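Report on the following structure.
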Amino acid sequence: MIRFSKLCTGLLALALLAGCTTITEVPPTKKHEIGGVFRVVPGTAWNAKTTNRGEIWTVNGFGLERMAFITKVEDGKPLVTQGQDKDAPTFRADMNATDVVNLYEALLTSSGYSQIEVSNLRPHTISGQDAFRFDYTAFNRSGLAKQGMVVGLIDPEKGLNLATYEAASEHYYDASLAAAESVLASLEKI
Amino acid sequence: MTPPVKPLPPAPSRVFRTTLALGLALTAAACAGGPRADLKPGQVPAADSTEAGLWLVMDKAETRLKTSGRVIPDPELQAYVQDIVCRLAAEHCTHIRSYVVRRPGFNASMAPNGFMSVWSGLLLRCENEDQLATVIGHEISHYVRRHSVQRWEAMRDSLTAAQVFGIVTATAGVPLGGFAVLGAYGQVQAYSRDHEREADAMGFTLMSDNGYAPEAAPQLWENLIAEKDAAEEDKPDPFFASHPPSEERMQTLSELAAASDRHGTVDNSRFEALMARHRATWLEDELDLGHYAEMQVVLDRLKDSGTSPGVTWYYLGEVLRRDAEVEDKEEAVAALRRALTYDDVPAEAHRSLGLLLHRQGDHADARDAFENYLAVAPGADDRAMIEFYIKKLETKS
Ligand SMILES: [Zn+2]
């Protein structure tokens, strides 16, 4: 279980409160369902942890690179429900892609990120349905440069759904970029 | 009025400081607690002292900040703040290193080794250089009066070195985690409030003796109180928690200003030029915090001052557009339309107007607004998305 213990070390900062709970390896070649919304082909041996809004995946440690799937955010609900500012902005059903960018910026800010620069908001499709994508750079709470990309889908029944990839700009972002792109390209809506 | 900047003296301190083991220095029960003599210009603590250990910790924090990318890469802005430091700190000038960091919210900090940081959110809230000098004078006073080491001595008995490291770095605006220390940190707040009062008084003397308008000091606090009152509920703000109540500070500074025989005025053109350069970026950062009520107070003040009207009206519109508690968006539309009458309006005002009109079902005007956005900002990196919105609107109208 070398992978597990290595992961725990990487997670140390986050684990202060949560501890190293259930982290499982996602079978790389099997289609994988997330939150009753997304179906993806993992491609790489990601380590996964379930959250109350979906799943987060990593290769080397959540602090270094991660994919996050946030699913079924309903009208009037915040993007993330745990440990956030209680006046964190919430998703509204009449939001469009530009509004979701603002919502995501607010989420990063409430997580201690700064100097957030969003770029390249553009249309996208998932299983033939209108979706959108954007990229960003920022500095996290401890001043580490981060880079990320987000794919979003607003669905009349399933609310707001996001699939994101974020990593340290130095080395890690590029190292897992192809793996993350392959996951995002495989996204289907259930 | 700025004293000549002396070259940094050779720093023997660095040599011995690097030879000090961090843990050893911090756990050494060296000097007795209690008030100390003011720091003399260029004075460094004795090698084996607790104070030297604190300096070492803050040297590390300063190095981290410098490489973090948070320091605003505008040499003119950085030099401007350092010039105010020099005007106020006289011969301490070269021993204090100021950094303007990009971060929303009102805060500034001073570490015992002379490492000072000022958040962009604080600059955003200053109406003039006199108010900024009030804050800088306050921070310089912490340094000269050696408040950090006194505060540390007051609490060291109950903490481990690791906890102390967390507190010291958090105090300097370089949070490194350390949830565990917050409780212990709270216990020294009462003690540190006396230091805040002392720093306010000494800071006032520094600014008013160096040609700044005395009444700027209480005015800064009056503005902060207005912001605090606008918030629906008192949020635990790290700045307000570690400081005496703003009302008391304003009162004290008002009395000092009334009794003062100084009548300084400064030329604010350099201040205003630099603020105009960065204001939009800093307001954008502030918007992401989501504290709309406080932000509106800041924007109302800017509006009254008449500086950067296009930027100010745009962000007033944005606050009203984004605030979910504002149901009627007519005011937001009006603010954006007003913003668009000024030359300094950001192109995004067209986009925001389009989004609002789209939501209101005014499809033709929404389309015009989006098209105006692309006309004004042809290279916009969200062009594909806006063209997609326009296409959708065409099918509706
Ligand atoms: Zn203070």
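Chains L and Z, in that order, are what the protein sequence lines are. Residues in the first sequence are numbered consecutively from 145, following our numbering. Residues in the second sequence are numbered consecutively from 324, following our numbering. Where is the CB? At the ideal position from N, CA and C, for every residue including glycine. Just so you know, these numbers come straight off a predicted model, no measurement behind them.
Quick one: what does DSSP say Val224(L) is sitting in, helix, strand or coil?
-> For the purposes of this step, residue 224(L) is taken as residue 80 along the first sequence, with counting starting at 1. Coil at Val224(L), not helix or strand.
Reduced DSSP secondary structure (H/G/I, E/B, other) of Ala282(L) | By 1-based counting over the first sequence, the position of residue 282(L) is 138. Three-state result, Ala282(L): strand.
Specify the secondary structure class of Lys715(Z) as computed by DSSP and reduced to three states.
-> As a first step, residue 715(Z) must be located in the second sequence, where it is residue number 392. Helix at Lys715(Z).
If you draw a straight line from the alpha carbon of Ala323(L) to that of Ser330(L), how long is it in whole angstroms?
-> Taking the first sequence and counting its residues from 1, the one referred to as residue 323(L) is at position 179. Taking the first sequence and counting its residues from 1, the one referred to as residue 330(L) is at position 186. Straight-line spacing of the CA atoms in Ala323(L) and Ser330(L) works out to 11 Å.
Of all Cβ atoms in chain B, is any one closer than 8 Å to the Cβ of Glu249(L)?
-> Looking for chain B here will not work: the only protein chains present are L and Z.
Measuring CB to CB, does Gly303(L) end up less than 8 Å from Val184(L)?
-> The sequence position of residue 303(L) within the first sequence is 159, counting from 1. The sequence position of residue 184(L) within the first sequence is 40, counting from 1. For Gly303(L) and Val184(L), no; Cβs fall outside 8 Å.
From which residue to which residue does the alpha helix (DSSP H) around Phe693(Z) run?
-> The count along the second sequence starts at 1 and reaches residue 693(Z) at position 370. Element bounds for Phe693(Z): His686 to Val699.
Taking any Cβ of chain L, which residues in the segment 391 to 405 of chain Z have a Cβ under 8 Å from it, in chain order?
-> Listed by position along the chain: Ser391, Gly392 and Arg393.
Run the CB neighbour count on Asp453(Z), radius 10 Å, all protein chains shown included, and call it buried at 16 or more, exposed below.
-> Mapped onto the second sequence, residue 453(Z) falls at position 130. Buried is the call here.
Candidates Thr269(L), Val181(L), Ser286(L) and Ser326(L), of which the one nearest Ile214(L) by Cα | Here residue 214(L) refers to the residue found at position 70 when the first sequence is read from its first residue. The shortest C-alpha separation from Ile214(L) is found at Val181(L).
Cβ of Glu521(Z) within 7 Å of any heavy atom in ligand 1?
-> What you label residue 521(Z) is simply residue 198 of the second sequence in a count that begins at 1. No; taking the cut-off as 7 Å, the Cβ of Glu521(Z) has no heavy atom of ligand 1 nearer than that.
Ala192(L), DSSP secondary structure in three states | Taking the first sequence and counting its residues from 1, one reaches residue 192(L) at position 48. If DSSP states are grouped into helix, strand and coil, Ala192(L) belongs with the strands.
Where Glu462(Z) sits in the DSSP three-state scheme | For the purposes of this step, residue 462(Z) is identified with residue 139 of the second sequence, where counting begins at 1. In this structure, Glu462(Z) counts as helix in the three-state DSSP scheme.
Buried or exposed by the 16-neighbour rule on C-beta atoms within 10 Å, applied to Asp705(Z) = Along the second sequence, one-based indexing puts residue 705(Z) at 382. That one is buried.
Could you work out which residues of chain Z lie near Ala289(L), taking near to mean beta carbons separated by less than 8 Å?
-> One-based indexing of the first sequence puts residue 289(L) at position 145. Within chain Z, the residues near Ala289(L) are Gly392.
To which residues of the same chain is Ala580(Z) closer than 7 Å at the C-beta, ignoring the five residues directly before and after it?
-> Sequence index remark: in the second sequence, residue 580(Z) carries index 257 (1-based). The residues are Pro537, Glu538, Ala540 and Pro541.
Taking Cβ positions, are Val668(Z) and Gly633(Z) nearer each other than 8 Å?
-> Here the question's residue 668(Z) lines up with position 345 in the second sequence. Here the question's residue 633(Z) lines up with position 310 in the second sequence. Yes, Cβ-Cβ distance for Val668(Z) and Gly633(Z) is below 8 Å.
Contacting residues, own chain, Cβ-Cβ under 6 Å from Pro364(Z) (five flanking each side not counted) = Residue numbering aside, residue 364(Z) sits at position 41 when the second sequence is read from its first letter. If you ignore the 5 residues before and after Pro364(Z), its C-beta comes within less than 6 Å of the C-beta of Glu414 and His415, all in its own chain and listed in chain order.
Contacting positions in the segment 245 to 271 of chain L - beta carbon closer than 7 Å to chain Z = Cβ proximity to chain Z below 7 Å picks out Asn246, Glu249, Ala250, Thr253, Ser258, Gln259, Ile260, Ser263, Asn264, Leu265, Arg266 and Pro267 from the segment 245 to 271 of chain L.
Closer than 8 Å by beta-carbon distance: list the chain Z residues that pair up with Asp238(L), in chain order.
-> The residue given as residue 238(L) occupies position 94 in the first sequence. Those within 8 Å of Asp238(L) in chain Z are Arg682.
State whether the segment 430 to 440 of chain Z contacts the segment 634 to 643 of chain Z, with contact taken as three or more CB pairs (one from each stretch) at a distance under 8 Å.
-> No, the segment 430 to 440 of chain Z does not touch the segment 634 to 643 of chain Z.
Chain-ordered residues of the segment 373 to 389 of chain Z with a beta carbon less than 8 Å from chain L = Answer in chain order: Arg387 and Leu388.
Compare the C-beta of Asp685(Z) against all C-beta atoms of chain L and say whether one is closer than 8 Å.
-> The sequence position of residue 685(Z) within the second sequence is 362, counting from 1. No, no contact with chain L.
Got a sec? Which residues, its chain only, sit under 8 Å from Arg682(Z) by beta carbon, not counting five neighbours each side?
-> Looking up residue 682(Z) in the second sequence gives position 359. Same-chain partners within the cutoff: Lys652.
Is there at least one Cβ from chain Z nearer than 8 Å to Phe206(L)'s Cβ?
-> To locate residue 206(L), count along the first sequence from 1; it is residue 62. False, the Cβ-Cβ gap to chain Z never drops below 8 Å.
Using the rule of at least 16 other Cβ atoms within 10 Å of the residue's Cβ for burial, across every protein chain shown, is Gln273(L) buried or exposed?
-> Here residue 273(L) refers to the residue found at position 129 when the first sequence is read from its first residue. With fewer than 16 Cβ atoms within 10 Å of its Cβ, Gln273(L) is classed as exposed.
Tell me, please, whether the CB atom of Ala647(Z) is closer than 8 Å to any CB atom in chain L?
-> Mapped onto the second sequence, residue 647(Z) falls at position 324. At a cut-off of 8 Å between C-beta atoms, Ala647(Z) counts as an interface residue with respect to chain L.
Does the Cβ-Cβ distance between Ser531(Z) and Gly613(Z) come in under 8 Å?
-> Along the second sequence, one-based indexing puts residue 531(Z) at 208. Along the second sequence, one-based indexing puts residue 613(Z) at 290. The answer is no: Cβ separation not under 8 Å.
Indicate the three-state DSSP secondary structure (helix, strand or coil) for His176(L) in the structure shown.
-> Position 32 of the first sequence holds residue 176(L). The DSSP-derived three-state label of His176(L) is strand.
What residues in its chain sit with their C-beta under 6 Å from that of Glu249(L), if we drop five residues either side in the sequence?
-> Position 105 of the first sequence, counted from the start, is the residue given in the question as residue 249(L). Residues Ile260 of the same chain have their beta carbon placed closer than 6 Å to that of Glu249(L), with the five preceding and five following residues left out of the count.
Listing by chain order, which chain Z residues have their CB less than 9 Å from the CB of Thr308(L)?
-> Counting from one through the first sequence, the residue named residue 308(L) turns up at place 164. Here the premise fails: no neighbours, minimum Cβ distance about 17 Å.
Keeping to the same chain, check which residues put their C-beta closer than 6 Å to that of Ala456(Z); ignore five residues upstream and five downstream.
-> Residue 456(Z) sits at position 133 when you count from the first residue of the second sequence. Non-local beta-carbon contacts of Ala456(Z) in its own chain, meaning distances under 6 Å to residues more than five positions away in sequence, involve Ile407, Met530 and Tyr535 in chain order.
Residue-level contact to chain Z via CB, Ala241(L), 8 Å cutoff | Your numbering for residue 241(L) matches position 97 in the first sequence. Cβ-Cβ to chain Z under 8 Å: yes for Ala241(L).
Under 9 Å between beta-carbons, which chain L residues line up against Asp705(Z)? List them in chain order, please.
-> As a working note, residue 705(Z) is residue 382 in the second sequence. Here the neighbours are Ala241, Thr242, Val245, Val262, Ser263, Asn264, Leu265, Arg266 and Phe278.
Measure the beta-carbon distance from Leu400(Z) to Leu597(Z) and round it to whole angstroms, keeping in mind my assumption that it falls under 8 Å.
-> Position 77 of the second sequence, counted from the first residue, corresponds to residue 400(Z). Position 274 of the second sequence, counted from the first residue, corresponds to residue 597(Z). Going by Cβ atoms, the distance from Leu400(Z) to Leu597(Z) rounds to 5 Å, so yes, they are a contact pair.
Show which residues of chain Z have a CB atom less than 8 Å away from the CB atom of Pro233(L).
-> Position 89 of the first sequence holds residue 233(L). Those within 8 Å of Pro233(L) in chain Z are Gly613, Arg645 and Ala647.
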